[in-house]
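J.: Residue numbers for the sequence shown follow our numbering, beginning at 313 and rising by one.
C-beta atoms are modelled at their ideal positions from N, C-alpha and C, and glycine is treated no differently.
All values reported here derive from a predicted model rather than from experimental measurement.
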Amino acid sequence: MARKPAPYEINLIKAMAMQNGQMTPTPQTLADPKSRRVVRSLKSKGLITEAEGADVPTYQLTGYGWECARGE
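(1) By alpha-carbon positions, which one of Pro337, Asp344, Asn332 and Gln340 ends up nearest to Thr375?
(2) Identify whether Leu359 lies in helix, strand or coil by the three-state DSSP scheme.
(3) How many angstroms separate the CA atom of Val350 from the CA atom of Ala366?
(4) Quick check on Gln340: does DSSP put it in helix, strand or coil?
(5) In angstroms with no decimal places, state the Cα-to-Cα distance between Pro319 and Lys346.
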């Protein structure tokens with residue numbers, strides 16, 4: 313069963329929802345250990361997935377991620 317997101321994770325997935333459910337981190341973000349931890353946490357909780365075949369890492373909200381972004 314998926315775990316509930318932390319408050320700071322909810323803010324991030326709400327921001328992703330406003331961008332059609334996608335996020336493409338900047339190289340600076342990818343270099344930041346704290347940012348990488350947040351991405352790993354979101355992936356482990358089933359909130360986001362990494363898009364296949366993208367030239368740069370691109371993440372998308374899962375169905376559960378959309379539910380959490382809407383506050384369901």
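T.: Short version:
(1) It is worth fixing the name first, because residue 375 is Gly in this sequence and not Thr. Comparing Cα-Cα distances from Gly375 to each of Pro337, Asp344, Asn332 and Gln340, the minimum goes to Asn332.
(2) coil
(3) 20 Å
(4) Three-state DSSP puts Gln340 in a helix.
(5) For Pro319 and Lys346, the distance between alpha carbons rounds to 16 Å.
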